[in-house]
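Q:
Number of protein chains: 2
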Amino acid sequence: MSMVKQNLFSNIPESFPEEIFETLLENNRFKLERILSSGQATPENDWYDQEKDEWVVLLKGKAGLRFENESEVIELTPGDHLLIPAHKKHRLEWTDEKQKTVWLALHFDS
Amino acid sequence: MSMVKQNLFSNIPESFPEEIFETLLENNRFKLERILSSGQATPENDWYDQEKDEWVVLLKGKAGLRFENESEVIELTPGDHLLIPAHKKHRLEWTDEKQKTVWLALHFDS
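If you're matching them up, the sequences are chains A and B in order.
The first sequence begins at 6 in this note's numbering and counts up one residue at a time.
The second sequence begins at 6 in this note's numbering and counts up one residue at a time.
(1) Determine the closest residue to Pro22 (chain B) out of B:Trp99, B:Leu64, B:Gly44, B:Lys94, with distance taken between C-alpha atoms.
(2) At which residues does the beta strand (DSSP E) containing Ala110 (chain A) begin and terminate?
(3) What is the DSSP secondary structure of Ser20 (chain A), counted as helix, strand or coil?
(4) Along the stretch 20-49 of chain B, what residues have a CB closer than 8 Å to any CB found in chain A?
(5) In whole angstroms, what separates the C-alpha of Asp114 (chain B) from that of Glu38 (chain B)?
(6) Along the chain, where does the beta strand (DSSP E) that runs through Leu70 (chain A) open and close?
(7) Give me the chain A residues within the contact set of Asp85 (chain B), using Cβ-Cβ distance strictly less than 7 Å, ordered along the chain.
(8) Might you give, ordered along the chain, the residues of its own chain that have their beta carbon closer than 8 Å to the beta carbon of Gly66 (chain B), omitting 5 neighbours on each side?
(9) On the criterion of 16 or more Cβ atoms from any shown chain inside 10 Å, does Val62 (chain B) qualify as buried, or is it exposed?
(10) Residues of chain B with a CB under 7 Å from the CB of Val62 (chain A): which are they?
(11) Does DSSP classify Arg34 (chain A) as helix, strand or coil?
(12) Strictly below 7 Å CB to CB, what residues from chain B border Ile17 (chain A)?
(13) Can you pull the chain A residues whose beta carbon is under 9 Å from the beta carbon of Leu97 (chain B), in chain order?
(14) Among the candidates A:Asp85, A:His86, A:His95, A:Ala91, whose CA atom is the shortest distance from the CA of Glu77 (chain A)?
(15) Would you mind reading off the limits of the beta strand (DSSP E) that contains Thr100 (chain A)?
(16) Of the choices B:Glu59, B:Gln11, B:His92, B:Asp85, whose alpha-carbon is the least far from that of Asn16 (chain A)?
(17) Hey, Leu13 (chain A) and Ala46 (chain A): beta-carbon distance below 7 Å or not?
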């Protein structure tokens, strides 16, 4: 990270088997990440159960996000953002298989 | 901010005389803002001189950013991001007049 500009939509591999998590900024207050998806989903019956609050925005591509005990899958398209409170279990039902999905995620203590 | 999704590219007024700064998240660790521009620039000979570090990303539109004592104007297009250290004087030379420019800015203590 520096005063030299970088681009969130650059340096995206042609293909990747697992989602890619890259730290853009990290200190004792928060961590800012770029996340890349290419069709991955959270394994069946698995849930993310995180220690920290997460603010997340989808910038490119598409994804389906589900919260525990909710039947509806929330479709996220570019610009969509939401706050996932710590320990609110959630999973990615799907991400776009036809194009790369680019996210920003900000993790912080409540 | 909530588990209900919102969209960074929604709720943009048709026209606005001044840039619009909206706080998306704020706590004692950082402030996350959406900034909307529509052709505005920093007034001539004025500089931003901020107490905090600022990470900024341009998501839509275009802008020209200049740092003090640098002749080059840095053109920012969607996805471009950079870190502006506290007290690093900078100004917006221009923002796109033909479309709205949408930014995210994260302000935090060094």
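Note that beta-carbon positions come from the ideal geometry of N, C-alpha and C, so glycine has one too.
A: So, to answer that:
(1) For the residues B:Trp99, B:Leu64, B:Gly44, B:Lys94, the minimum Cα distance to Pro22 (chain B) belongs to B:Gly44.
(2) 106-113
(3) Residue state, collapsed to three classes: coil.
(4) Per Cβ criterion, the list reads Leu29, Leu30, Asn32, Arg34, Phe35, Leu37.
(5) 15 Å
(6) Per DSSP, the continuous beta strand (DSSP E) segment holding Leu70 (chain A) begins and ends at 68-72.
(7) Neighbours of Asp85 (chain B) on chain A, chain order: Lys10, Asn12.
(8) Contacts found: Ser42, Pro83, Thr100, Asp101, Gln104, Lys105, Thr106, Val107.
(9) buried
(10) In chain order: Leu13.
(11) coil
(12) Per Cβ cutoff of 7 Å: no residues; Ile17 (chain A) is ~10 Å from chain B at best.
(13) What Leu97 (chain B) touches in chain A: nothing, since even the nearest Cβ is about 14 Å away.
(14) A:His95
(15) 95-100
(16) Measuring from the Cα of Asn16 (chain A), the nearest candidate turns out to be B:Asp85.
(17) Not in contact: Leu13 (chain A) and Ala46 (chain A) (Cβ atoms no closer than 7 Å).
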